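Protein chains in written order, with my numbering: chain A, 44 to 409; chain B, 44 to 409; chain C, 44 to 409; chain D, 44 to 409.
Protein chains: 4
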Amino acid sequence: MENTNIKKIGILTGGGDCPGLNAVIRAAVKTAILQYGWKVTGIQDGFEGLLVDGKARPLLFDHVKDILDKGGTILGSSNRANPFEYKFKVHGKLVTEDRSPILLEKLQSMEIDALMVIGGDGTLSIAHRLHGLGVPIVGVPKTIDNDLASTDITFGFDTAINTATDALDKIRTTAESHHRVMVVEVMGRYAGWIALQAGIASGADIILIPEMPFKLEKIYEIIKERVRTGRHSSIIVVAEGANPEGGEMVIKKIVEDSADAIRLGGIGEILADKISSEIHVESRETVLGHIQRGGTPSAFDRILSTRLGVGAVKLLAEGNFGRMVCLRTPHIDSVPLEDAISQLKKVDPDSEVVQAAKAIGVSFGI
Amino acid sequence: MENTNIKKIGILTGGGDCPGLNAVIRAAVKTAILQYGWKVTGIQDGFEGLLVDGKARPLLFDHVKDILDKGGTILGSSNRANPFEYKFKVHGKLVTEDRSPILLEKLQSMEIDALMVIGGDGTLSIAHRLHGLGVPIVGVPKTIDNDLASTDITFGFDTAINTATDALDKIRTTAESHHRVMVVEVMGRYAGWIALQAGIASGADIILIPEMPFKLEKIYEIIKERVRTGRHSSIIVVAEGANPEGGEMVIKKIVEDSADAIRLGGIGEILADKISSEIHVESRETVLGHIQRGGTPSAFDRILSTRLGVGAVKLLAEGNFGRMVCLRTPHIDSVPLEDAISQLKKVDPDSEVVQAAKAIGVSFGI
Amino acid sequence: MENTNIKKIGILTGGGDCPGLNAVIRAAVKTAILQYGWKVTGIQDGFEGLLVDGKARPLLFDHVKDILDKGGTILGSSNRANPFEYKFKVHGKLVTEDRSPILLEKLQSMEIDALMVIGGDGTLSIAHRLHGLGVPIVGVPKTIDNDLASTDITFGFDTAINTATDALDKIRTTAESHHRVMVVEVMGRYAGWIALQAGIASGADIILIPEMPFKLEKIYEIIKERVRTGRHSSIIVVAEGANPEGGEMVIKKIVEDSADAIRLGGIGEILADKISSEIHVESRETVLGHIQRGGTPSAFDRILSTRLGVGAVKLLAEGNFGRMVCLRTPHIDSVPLEDAISQLKKVDPDSEVVQAAKAIGVSFGI
Amino acid sequence: MENTNIKKIGILTGGGDCPGLNAVIRAAVKTAILQYGWKVTGIQDGFEGLLVDGKARPLLFDHVKDILDKGGTILGSSNRANPFEYKFKVHGKLVTEDRSPILLEKLQSMEIDALMVIGGDGTLSIAHRLHGLGVPIVGVPKTIDNDLASTDITFGFDTAINTATDALDKIRTTAESHHRVMVVEVMGRYAGWIALQAGIASGADIILIPEMPFKLEKIYEIIKERVRTGRHSSIIVVAEGANPEGGEMVIKKIVEDSADAIRLGGIGEILADKISSEIHVESRETVLGHIQRGGTPSAFDRILSTRLGVGAVKLLAEGNFGRMVCLRTPHIDSVPLEDAISQLKKVDPDSEVVQAAKAIGVSFGI
């Protein structure tokens, strides 16, 4: 059935952390060895591992034996190593260079016949360009934000919303006992999936997402109305990329004695400050941050990751290069890498899920 | 938009426990009050609450305020109360009677204009018959086993596989440290969804499901081969309804001094006994049992339950009686109750998920 | 055995949130009713509930039936209501008044014979003064920080370190995969118990606590040495009250368009900024914040809370007023309220636990 | 300070699984290397690893890097290998032999200067005898049941009660919704610590422990009284070693076609059967089994394990052989191995904890 002459594949992971990376690696290694008799090389720290020496090692059964339930990636990752625009310092000055030729040489010298890359937008764009240079390559999509149009759902997302929901459950009892507005900032720079889903799952009163610019006045009004009717606590779940209508709000922070003196505060912090100072209702923010990216993957994410890992190896075996595996419920399918990276999946304000949230009284601040 | 004259609805839950029941109730109550201005009556202990007095009470906002993350059902449930075949004792003898006329009277006297029932096969069958008698009724499907053909996935299932996977994670470290075969029996009388998914998610070596009758000899062989190659521990996940080719295996238990002296042991117990006695590899069973049905629902289940609760109330508002809400990814949809209850969703041995499990070396004992 | 004429007691909770408050209330209500036949009044929002009308209600069995595993307090809390220095506004100006006479009247008019207060320093100081005015009163200590000298351990602390450890477990995998320094700020303004225990439990590399002022240079040195020897990730757990030798570090934040324009950043944020800018190792902070105060209490905290609740009611029954229950392992004991609030329990830098941490290579930044 | 000439130590783990074993190993390895410059040999599968070849390997930093939060033991364990009564088969017949001379030779040939053994009764008894033969040895106590008189608390116990409490939380919602008596069997053959603590922590109605033989009639009475007063659900937590007054209850199970045809059922199963058949209240049992022994250790257990591991290495360094480390709150201390293994710690029916449980209405079935 297989029309390829693959004897050895390389696997790498790129971009930010995401629960399920190890489960993808495990499934791919097992399938490659058991089903196809291939060898597998683990490439460390993303594409960086294909540009310098000593960052590749054989991946055997034993290496993936205990990693199904582990967060992180045993291969390490890197946000920065782009072989086409490799940045390094010469005499203290930053230089950019196209190192893709080195990468191609490396693949040849390591006798890697095909490449499987697990990563987000950035990583898959590089994969697409490498495929253009003739590298037999397949991609596995990774974004904790679930904002990829070409797949129904991405691994890690289910874990992230469970982690966020768990944190929100903890915060809600405090909000209720102590009559406070709790603002909880979750991930989601361009798409509000985590805020929307964790917000519904935790019974949030207000959900703020990038797709639906909010009105500060509306938020004040809701909270004041709640206080008037005896509900002194409120939970606001806000995506990090949410913004008020008409522009961004900013906190400048001055770090004393520090080189990069000023940096911006987050939307959660700003909202809590504003609510406290403008309508005099005690408000506190919590920024969930990195805990959303870590930890043991949920059952769903382990299964999805396993299926994607198996699916990616099958793509390679079938010679279906230049493609990305994806979930088309209920099946694993694939799309051209080109399509995969071109379109963001955003929350549709008119969708049934948003309507359901509104039906039970959730406000989106508009 | 709404073409009904509903002023008050009744809600009841029937059948076994399932995480998410309260989330459905909460969403329905909120939607009914906020969107349609209806009153809601909570009917207790399934259909039993429509046959006797004193088992109904108004459901207000306050009753559903804190139940989103609670297991169980605030309405109580009953496995037995079938109004069409109501069983009771007269002079010590069990009598069966059709009490549906009483139920219809009750609905009228309580001024309940429409009914929303949340339950499994049994409950929905009754709902279908009541609809035939002219009761404006809609159903919400509930089965922890996820074995309903008319919906992509049922609430509670995601929680159940997370609970099972968590338990399996705990058991695996013991299996490895102590060189044992651990047999873990999970729910699934007619369909093996929990065993399949929790098995993949936990890295099980052998998964046994009703849809794929197993060979004992094959299991012995795999374990012996694993021992031969230095893998002294194995994890077997078995659905309670799994059976060997050609028939059932049975343990008879004699309870001393007990009226009903003999009862049957479960498949997990039998397998562990057999493996210990036949191939002399130390084996232990764990029966997960009721913990799979309880506890706080996962984020996914809370969201799905919320959407189904909103969707069911909308069906009522639209006058779409005699139907059941369901998930047709990514939307909430509905089907006639008639179709809803007629077909079991079983694991397809040739499906991509089963193939993926096989690709990474999982055996199904065949 | 009992020498008191108590017929009704009041219970209130004061101060910040802490897992186990509800378990104390439940145990006290059950013991009061079952063992002594007393009535119980639940006073809402701390001492506030004894100063205004309509903030007290009977506490019956049914009210405490389902609260053992719930975070928060069903009685509500308030950080501000001090009857001896009650603050309120007259014509927009803040006025302070001694309202203890009103409180005494209230107790009498509500026929509350004795008071049980659950709270921290502030709440117990008020209790002590009320006892001086003749109120039959006992205290139950509450501090998430575990910094009370007169009891071995306070409820809520075990839950807090489990929550922090769970978060740190999630963060560690990301740190390792992505070669980062992760700074995690936990609670502990004056004492470093949470940082110390969660730090050891999570395998932190550096633990910074108020009791051991750190040297920034030492931290830089450790991280650089770790990088040199191939350990590119490090975990720093820092108590919010930790400080460098010789003074505080400060971030000023300017909130644009905000009345109270400037507020201070936390130590975690400062440290991550400094490490990134000074030694150019990528560093991120996470501030765990309120999630440490919420959620279902751990088994240990539920048991301890139950024992303290029972013990406090027994003190009342024995007429042992003016005292606070405490844990003197393995028994529940009591101390005069006077002693209870006078001394902070701090981490001893020479203690066996700190030495054990050092023995396995943990640095305290000194 | 150290008066020993140790250059290399061996570590082994024996007996049943217990969360925290790996944390002890990690702390011991780190302390041995960092504080004393020793080498460490990991001995596999308990004393078995000192009797056969190829079961020992160097333990380096890298081996213990990621094991703090892992259940099980990286060294493996064995319940059976007693060097003084080593059992093996000759021509199909079981022979017992004293192989301690072989063990002593092995220690010498591997240049292991001292031994640290982590285990329960059996393992520590062997350690004591080996010490009598001149082996420099220290012990670390391990029993999930917490039934060792010579230490305040043993690691793993806190994790076990959290696991049991978590399972009981799940089961309670089902019990309540479905009006059932749920019997949950937990570990504790000779002492009822887990049942007592998990029972209190989960709000159980009846707790049955070996130290307090119960009356079946009393249990029936309580359940019937509860039903009479509208509380149709009850939770019974029973230790596996609990028994009725006057003797054991037995279920015989006949395994068809099986060599060892009959085995005994557990107390949980018997109780549920009896309650269903005798007083006709629907009752179900859940046997928690091995999940109590596995999983990631709680924060408390990780810290206690770390302290014990450091403490045991210090005992070796000080030449304090023949002793066992223990917790004497709040310090780590030590006792002679001889004393350590001689006395069981049982639940005192008159203790404050049992009294507290009774005060809130828990019955012990007497």
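Cβ atoms here follow ideal geometry from the backbone N, Cα and C, with glycine treated the same way.
For clarity, every value in this text was computed on a predicted model and none was experimentally measured.
Membership of alanine 400 of chain B in any beta strand (DSSP E) is not indicated; the residue belongs instead to the alpha helix (DSSP H) covering 395–402.
DSSP lists A/Ser377 as the beta-bridge partner residues of valine 368 of chain A.
Measuring C-alpha to C-alpha distances from arginine 215 of chain B to each of D/Ile310, D/Gly58, D/Glu288 and D/Thr339 identifies D/Thr339 as the nearest. When DSSP states are grouped into helix, strand and coil, alanine 157 of chain D belongs to the strand group. DSSP, reduced to helix, strand and coil, places glutamate 268 of chain A within a helical segment of the structure shown. Within the stretch 66–93 of chain C, the runs of beta strand (DSSP E) that reach at least 3 residues and sit entirely inside it are, in chain order, 82–86. For arginine 327 of chain B, the residues of chain D that pass the 9 Å Cβ criterion are Gly332 and His333, in the order they occur in the chain. In summary, leucine 176 of chain C is exposed, with fewer than 16 beta-carbon neighbours lying within 10 Å of its beta-carbon over all protein chains present.
For methionine 225 of chain B, a Cβ of chain D is located within less than 8 Å of the residue's own Cβ.
For serine 220 of chain B, the enclosing alpha helix (DSSP H) starts and ends at 200–221. If you look at lysine 136 of chain A, you'll find it in the beta strand (DSSP E) that goes 136–140. Around the beta carbon of proline 101 of chain D, fewer than 16 other beta carbons sit within 10 angstroms, so the residue counts as exposed. In this structure, the straight-line span from the alpha carbon of valine 405 of chain D to that of glutamine 240 of chain D is close to 12 Å. Per DSSP, the beta-bridge partners of phenylalanine 257 of chain B are B/Pro287.
Beta-carbon to beta-carbon, aspartate 88 of chain C and alanine 66 of chain C are separated by about 20 Å, too far to satisfy the 8 Å threshold. Glycine 119 of chain B sits in coil when the DSSP states are folded into three classes, being neither helix nor strand.
Neighbours of leucine 111 of chain B in chain A, taken as residues whose beta carbon is under 7 Å from its own, are Gly246 in chain order. DSSP places threonine 186 of chain D outside both helix and strand once states are collapsed to three, so it counts as coil. The C-beta distance from serine 193 of chain D to valine 378 of chain D rounds to 5 Å, short enough to meet the 8 Å contact threshold. Distance from the Cα of isoleucine 237 of chain A is smallest, within the candidate group A/Thr202, A/Ile54, A/Ala170 and A/Ala355, for A/Thr202. Under the Cβ distance rule, glutamine 87 of chain A does not count among the residues neighbouring chain B, no pair being separated by less than 8 Å.
Inter-residue distance for lysine 267 of chain D and proline 184 of chain D is about 43 Å (C-alpha atoms, whole angstroms).
Close to chain A, meaning a Cβ-Cβ distance shorter than 9 Å, are the following residues of the stretch 307–323 of chain C: Gly308, Glu312, Ile313, Asp316, Lys317, Ser319, Ser320 and Glu321. Interface annotation, serine 168 of chain C: not in contact with chain A, CB-CB separation never under 8 Å. Within the DSSP bridge table, the entry for tyrosine 129 of chain B names B/Glu140 as partners. Only those residues of the stretch 335–348 of chain D whose C-beta falls short of 9 Å from the nearest C-beta of chain C are listed: Thr339, Pro340, Ser341, Ala342, Phe343, Asp344, Arg345 and Ile346. Inter-residue distance for isoleucine 68 of chain D and proline 144 of chain D is about 26 Å (C-alpha atoms, whole angstroms). Rounded to the nearest whole angstrom, the CA to CA distance from glutamine 398 of chain B to glutamine 78 of chain A is 11 Å. Setting aside the 5 residues that flank it on each side, proline 392 of chain B is surrounded in the same chain by Glu254 and Met255, each with a C-beta closer than 7 Å to its C-beta; the list follows chain order.
In this chain, the alpha helix (DSSP H) harbouring isoleucine 322 of chain B covers 310–322.
For isoleucine 52 of chain D, the uninterrupted beta strand (DSSP E) segment begins and ends at 51–56. The alpha-carbon separation between isoleucine 252 of chain B and leucine 64 of chain D amounts to approximately 35 Å. Per DSSP, the continuous alpha helix (DSSP H) segment holding alanine 355 of chain C begins and ends at 342–360. A direct Cα-to-Cα measurement between isoleucine 403 of chain C and aspartate 248 of chain C gives close to 10 Å. Check the Cα spacing between isoleucine 169 of chain C and each of C/Ser277, C/Ile384, C/Arg232 and C/Ile310: the tightest is with C/Ile384. In this chain, the beta strand (DSSP E) harbouring isoleucine 249 of chain A covers 249–251.
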